[in-house]
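Engineer: Take the sequence shown: its letters are residues 1 to 192, numbered as in UniProt numbering.
Ideal Cβ positions, reconstructed from N, Cα and C, are used throughout, including at glycine.
What you are looking at is a predicted structure, and each value in this text was computed from that prediction instead of being measured.
Quick one: structure below, then a few questions.
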Amino acid sequence: MSLKVYLAGPEVFLPNAREILDIKAERARAAGFEPLSPGDLAIPPAETKFGMGLAISQVNEGMMRAADAVIANLTPFRGVAADVGTAFEVGFMCAQGKLVYAYTNVARSHYDRCSAYYGGDIRETSDGRHRGPDGISIENFDMADNLMLDGGIAARGGALVVSNAAADALYTDLAAFEECLRLLAEQQGTMA
1 MSLKVYLAGP
11 EVFLPNAREI
21 LDIKAERARA
31 AGFEPLSPGD
41 LAIPPAETKF
51 GMGLAISQVN
61 EGMMRAADAV
71 IANLTPFRGV
81 AADVGTAFEV
91 GFMCAQGKLV
101 YAYTNVARSH
111 YDRCSAYYGG
121 DIRETSDGRH
131 RGPDGISIEN
141 FDMADNLMLD
151 GGIAARGGAL
161 VVSNAAADAL
171 YTDLAAFEEC
181 LRLLAEQQGT
191 MA
């Protein structure tokens, strides 16, 4: 029986979402895994937009419960950090003690992205923290994203692959995703 791998990421929002999700699923199958991908299951009808959102959430949580592992795209999305839904999915899988692998197609660290957000106006305060002009501290741990994401992945023996994709391919460049597949297959002893 092949490992079931939940494929998390903001690709579901892309104009060519189906194409990208299908390619990722095909590559996961080629690596010997059974992909579970958001968008693959029919969502039950709902009477309201809120109800539709709840239905989608339930379907995704069901897929994650059925999965043995996750590969999450943590490429910054709509801001300096990973897509909030994908971050939830990583936490959900970590809480269940499942295998967690992730990747980002942005090589700049979380700290560097936050610094850019503040236009470089970062100060080290007397408490040793780095803070923006609004006084809010910024994590400075040489991590790809928030320390809970990097830490959760590391604590479960997974990996966070960091790549540097072209700006026009941030969500479509799959080299780091393929590296996650390779690492997971190697860990599982399924590589030929």
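1) Can you find the residues in the same chain that come closer than 6 Å, C-beta to C-beta, to Ser57, ignoring five residues on each side of it along the sequence?
2) Does the stretch 20-27 come close enough to the stretch 91-111 to have 3 or more Cβ pairs within less than 8 Å?
3) Considering only the beta carbon of each residue, do Val161 and Cys180 sit closer than 7 Å?
4) First and last residue of the beta strand (DSSP E) that includes Ala8?
5) Pull up the DSSP beta-bridge partners for Ser137, would you.
6) With burial defined as no fewer than 16 other Cβ atoms inside 10 Å of the residue's Cβ, what is the status of Leu147: buried or exposed?
7) Take Ala87 and list the residues in its own chain whose beta-carbon comes closer than 7 Å to its own, dropping the five residues that flank it on each side.
8) Rounded to a whole number of angstroms, what is the C-alpha to C-alpha distance between Ala154 and Gly51?
9) Is it right to say Gly119 is buried, meaning 16 or more other beta carbons lie within 10 angstroms of its own, or is it exposed?
10) Do you know whose CA, among Arg108, Leu14, Ser2 and Ala102, lies nearest Ala67's CA?
11) Taking the continuous beta strand (DSSP E) assigned at Glu34, which residues delimit it?
Structural biologist: A quick look at the data gives this:
1) By one-based count along the sequence shown, residue 57 stands at place 57. Beyond the five residues adjoining it in sequence on each side, Ser57 comes within less than 6 Å, by CB distance, of no other residue in the same chain.
2) No, they do not touch.
3) Numbered from 1 along the sequence shown, position 161 holds the residue referred to as residue 161. Numbered from 1 along the sequence shown, position 180 holds the residue referred to as residue 180. Going by C-beta atoms, Val161 is nearer than 7 Å to Cys180.
4) Start at 1 with the first residue of the sequence shown, and residue 8 comes out as number 8. Element bounds for Ala8: Lys4 to Ala8.
5) The residue given as residue 137 occupies position 137 in the sequence shown. Beta-bridge analysis with DSSP links Ser137 to Arg131.
6) Walking along the sequence shown from the start, residue 147 turns up at place 147. Taking every protein chain shown into account, the CB of Leu147 has fewer than 16 other CB atoms within 10 angstroms, so this residue is exposed.
7) If you number the sequence shown from 1, residue 87 lands on position 87. Excluding residues within five positions, the ones whose Cβ falls inside 7 Å are Leu149.
8) Start at 1 with the first residue of the sequence shown, and residue 154 comes out as number 154. Start at 1 with the first residue of the sequence shown, and residue 51 comes out as number 51. Rounded to whole angstroms, the gap between the alpha carbons of Ala154 and Gly51 is 35 Å.
9) The residue given as residue 119 occupies position 119 in the sequence shown. The residue is exposed, with fewer than 16 neighbouring Cβ atoms inside 10 Å.
10) Here residue 67 refers to the residue found at position 67 when the sequence shown is read from its first residue. When each option's Cα is compared against that of Ala67, the closest is Ser2.
11) Your numbering for residue 34 matches position 34 in the sequence shown. In the DSSP assignment, Glu34 falls within the beta strand (DSSP E) that extends over Glu34 to Leu36.
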